[in-house]
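For the sequence shown, the positions run 0 to 341 when numbering that gives the first Met the number 0 is used.
We treat Cβ as the ideally placed atom computed from N, Cα and C, and that holds for glycine.
Since the model is a prediction, treat every value here as computed from it, not as a measurement.
Data first, discussion second: the structure below is written as structure tokens.
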Amino acid sequence: MKKIRKYATISDVAEHAGVSIATVSRVLTGNTPVIEETAERVRAAIAELRFVPRTAARTLASRKTNTIGLILSEIGGAFFPHLLKGIEAEVRTAGYELLIHSTQGVRQHQHRAVGEHNTDGLLVFTSSLELDELKRLHSMNFPLVLMHQTPPADLNIPVITIENKDGAEMLVSHLIEKHGRRRIVYMQGPEGHEDSQWRERGYREALEKHNIPFDPILVVKGEFDEEQASSTMQQMIADGIEFDAVFAGDDDAAMGVYRALKLTSRIIPDDVAVVGFDDIQFARYISPALTTIRAPIEEVGREAVRQLIHLLNGQQAQSLVLMRTELVIRRSCGCALSDHHQ
0 MKKIRKYATI
10 SDVAEHAGVS
20 IATVSRVLTG
30 NTPVIEETAE
40 RVRAAIAELR
50 FVPRTAARTL
60 ASRKTNTIGL
70 ILSEIGGAFF
80 PHLLKGIEAE
90 VRTAGYELLI
100 HSTQGVRQHQ
110 HRAVGEHNTD
120 GLLVFTSSLE
130 LDELKRLHSM
140 NFPLVLMHQT
150 PPADLNIPVI
160 TIENKDGAEM
170 LVSHLIEKHG
180 RRRIVYMQGP
190 EGHEDSQWRE
200 RGYREALEKH
210 NIPFDPILVV
220 KGEFDEEQAS
230 STMQQMIADG
240 IEFDAVFAGD
250 DDAAMGVYRA
260 LKLTSRIIPD
270 DVAVVGFDDI
280 QFARYISPAL
290 TTIRAPIEEV
300 GREAVRQLIH
310 LLNGQQAQSL
320 VLMRTELVIR
330 RSCGCALSDH
340 HQ
């Protein structure tokens, strides 16, 4: 049996997989289609030989591109500019360049426009990279940090996220205790989104704590999206579903709820209390000002970069950084302007 050198080369991978060096290169870059069976054979060889791909320049001693990659599922909405601001500022402070790739509308196995071949490490936002690709990169010991997404138990990848459950529980408990609301709608975020799942858990725990039966008809799709939330809210009203408060899931969805309620002549907060999550900049300026949960979005971006820099410097990164959230009381929940207004 051929002895594997300490540092496998692309030639070793090609020989091990029974393909040409050019085929290995195409699998690595993802720019040219390769038959899936062949691609899987190449990926298996890469994992078995622990091959770490490098461009010609990075086969030298430094092996650095001086670039950090950021993979996002999308760049729309009011949330992402805050996240990007924090990431960009900290990347610049660390002396790196930033390369951004959005996977929205991109098919599986086409996500390698940003990866080990052109960056020194990756920041990965929730739901933007398939599990197989995460496993592949992790098996190569490629530096990774996840944001708002926990990895499977067998992947030791650092995670930066926020305290969603406690924030949601505080918010819904406030609606119940201070304003007597009992028919509270929860608008879910995108399917599989961990922030949404934890916020729903907080919502359910608040109901249970106050002996309010959970009604599945009040849990609907908001998608963290203004248009979807507005459409869903209008449909609920048309269907005659009774509710006296809406936890919109996030502030973008809350904007859609505002639109729908105004279209149907329902007054906020007299008829329906509305609350959001994130405390995006516009939340304090809309009318009535939005009661929400302040999430340290920009700081999540900064901390993710800091932890990645630790890995790039050969240091230990924290396995989980959980950032605290804060209840921000304004008028949309029913509190008077003088009550804890921020």
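Within its own chain, the residues whose Cβ lies closer than 6 Å to the Cβ of Ala-205, once the five positions on either side in sequence are excluded, are Glu-168, Val-171, Ser-172, listed in chain order. By alpha-carbon distance to Arg-182, the top candidate from Leu-174, Gly-188, Pro-189 is Leu-174.
For His-309, the enclosing alpha helix (DSSP H) has its first and last residue at 296-311. Note that the segment 276-295 touches the segment 250-267; at least 3 beta-carbon pairs, one per stretch, sit closer than 8 Å. Following the DSSP letters along the chain, one finds Ile-9 inside the alpha helix (DSSP H) bounded by residues 9-16. For the pair Gly-76 and Asp-224, the Cα-to-Cα distance works out to about 7 Å.
Boundaries of the alpha helix (DSSP H) harbouring Ile-45: 35-48, taken from the DSSP string. Listed in chain order, the non-local C-beta contacts of His-147 below 7 Å within the same chain comprise Phe-124, Thr-125, Thr-160, Glu-193, Asp-194, local neighbours out to five positions each way being set aside. A distance below 7 Å between beta-carbons, with the five flanking residues on each side excluded, links Lys-134 to the following residues of its chain, in chain order: Leu-154.
Residue environment analysis places Glu-89 among the buried positions, since at least 16 neighbouring C-beta atoms fall within 10 angstroms of its C-beta. The bridge partners DSSP lists for Thr-290 are Val-274.
Secondary structure note for Ala-167: its alpha helix (DSSP H) is the uninterrupted segment 163-178.
Counting only the Cα atoms, Asn-65 lies some 8 Å from Gly-94. Asn-163 counts as buried, since no fewer than 16 other beta carbons sit within 10 angstroms of its beta carbon. Per DSSP, reduced to three states, the secondary structure at Gln-187 is strand. Every alpha helix (DSSP H) of 4 residues or more that sits fully in the segment 70-106 is shown, in chain order, as 78-92. Counting the other Cβ atoms within 10 Å of the Cβ of Asp-269 gives fewer than 16, which makes it exposed. With a cutoff of 9 Å on beta-carbon distance, Ile-86 and Gly-300 are scored as near each other.
Rounded to the nearest angstrom, the gap between the Cα atoms of Val-218 and Met-186 is 6 Å.
The three-state reading of DSSP puts Gly-201 in helix, counting H, G and I together.
If you compare the alpha carbons of Thr-263, Val-51, Leu-321 with that of Ala-237, the shortest gap goes to Thr-263. Within the model, the alpha-carbon separation for Ala-43 versus Gly-17 is close to 12 Å. Pairing Met-139 with Glu-226, the inter-Cα distance amounts to about 41 Å. Here DSSP, grouped into helix, strand and coil, assigns Lys-261 to helix. Of Thr-28, Thr-231, Arg-40, Lys-177, the smallest CA-CA separation from Ala-13 is found for Arg-40. For Glu-325, the enclosing beta strand (DSSP E) begins and ends at 325-327.
Taken atom to atom, the span from the alpha-carbon of Ala-38 to that of Ile-211 is near 53 Å.
If you look at Leu-121, you'll find it isn't in any alpha helix (DSSP H); it sits in the beta strand (DSSP E) that goes 120-124.
At the C-beta level, Gly-179 and Val-113 stay beyond 9 Å of one another. In the three-state DSSP reduction, Leu-136 falls in the helix class (H, G or I). Each residue's CA atom was taken as its position, placing Ile-20 and Ile-308 some 32 Å apart. Leu-128 is positioned such that its CB atom lies no closer than 9 Å to that of Pro-142.
Around Glu-199, the same chain offers Ala-167, Tyr-185, Gln-187, Val-218 as residues with beta carbons nearer than 8 Å, after the five sequence neighbours per side are excluded. A direct Cα-Cα distance of roughly 19 Å separates Leu-321 from Lys-84. Under the DSSP assignment, Val-23 falls in the alpha helix (DSSP H) whose first and last residues are 20-28.
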